[in-house]
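Undergrad: The structure that follows is given in the form of structure tokens.
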Amino acid sequence: MYAGRQQVFLEATMICISVKCPCCGKSLVSAKKKLDKAPALEVNLTYAGKHAPLYLSSLYGSYAIESELNVPLGKAAGFRCPHCKADLKIIRKCEVCGAQMVAFDLTGGGQVQFCSKRGCKKHLLEFQNPDNELQAFYKSYLKALK
Ligand SMILES: [Zn+2]
Ligand SMILES: [Zn+2]
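With the first letter of the sequence shown counted as 1, position 24 gets the number 27 in our numbering; the numbers rise by one all the way through.
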């Protein structure tokens, strides 16, 4: 039963997030695509005048991504909502590399932000009302595990 116990530990450290566009409010969770065995998040990636869908793992802490557009390591890309085409970059700059951060709204409240530079692993969860939102976040997460 050791393997089973380890699996639970892994799931408990990987939080599956559900996000929406801060501009139009539509879900960014892909209906078809899966990464890490969970529904992937889908945005429009733009780089050097080209664009293609980008799929990100919805597991918080996972860096799994998939796209036909190959952004070179160390280059910042553009991220747009696939529904309303809003630019998802925010004013905040990455503390690590200085590139602009990108933000999605969590459906339970708060935001998940990550660095727009390829290869930079900076990302964070932010809650405006940490007590309520964090609690709601963990509650929905625990529900998903049952
Ligand atoms: Zn949108
Ligand atoms: Zn960065």
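No residue lacks a Cβ here, since even glycine has one placed at the ideal position from N, Cα and C.
1. On the three-state DSSP scale, how would you describe residue 1?
2. Tell me which residues share the same chain as residue 98 and place their Cβ nearer than 8 Å to its Cβ, disregarding the 5 neighbours each side in the sequence.
3. Can you tell me whether residue 22 is buried or exposed, with buried defined as 16 or more other CB within 10 angstroms of its CB?
4. Tell me whether the stretch 34-45 and the stretch 87-106 touch, counting them as touching only if at least three CB pairs, one residue from each stretch, are closer than 8 Å.
5. Bridge partners for residue 126 per DSSP, in chain order?
6. Find out if the Cβ-Cβ distance for the pair residue 118, residue 106 is shorter than 8 Å.
7. For residue 36, which residues in the same chain have their Cβ closer than 6 Å to its Cβ, ignoring the five residues on either side in sequence?
8. Go ahead and label residue 47 buried or exposed: buried means 16 or more other beta carbons lie within 10 angstroms of its beta carbon, across all protein chains shown.
9. So, under 8 Å CB-CB, residue 38 and residue 67 are touching, yes? Tell me the CB distance rounded to an integer number of Å.
10. Given a threshold of 16 other Cβ atoms within 10 Å of its Cβ, counted over all protein chains shown, does residue 34 qualify as buried or as exposed?
TA: Reading it off the structure:
1. Shown here, the chain extends from 4 to 149; a query on residue 1 therefore has no answer.
2. So the qualifying residues of the chain are 125.
3. Burial call: buried.
4. Too few Cβ pairs lie closer than 8 Å, so no.
5. In the DSSP output, where bridge partners are listed per residue, residue 126 has 117.
6. In terms of Cβ geometry, residue 118 and residue 106 do not form a close pair [threshold 8 Å].
7. Excluding positions up to five away in sequence, the list reads 43 and 58.
8. Flag for residue 47 reads buried.
9. 5 Å between Cβ atoms; contact.
10. Taking a 10 Å sphere around the C-beta of residue 34, we find fewer than 16 other C-beta atoms and assign the residue as exposed.
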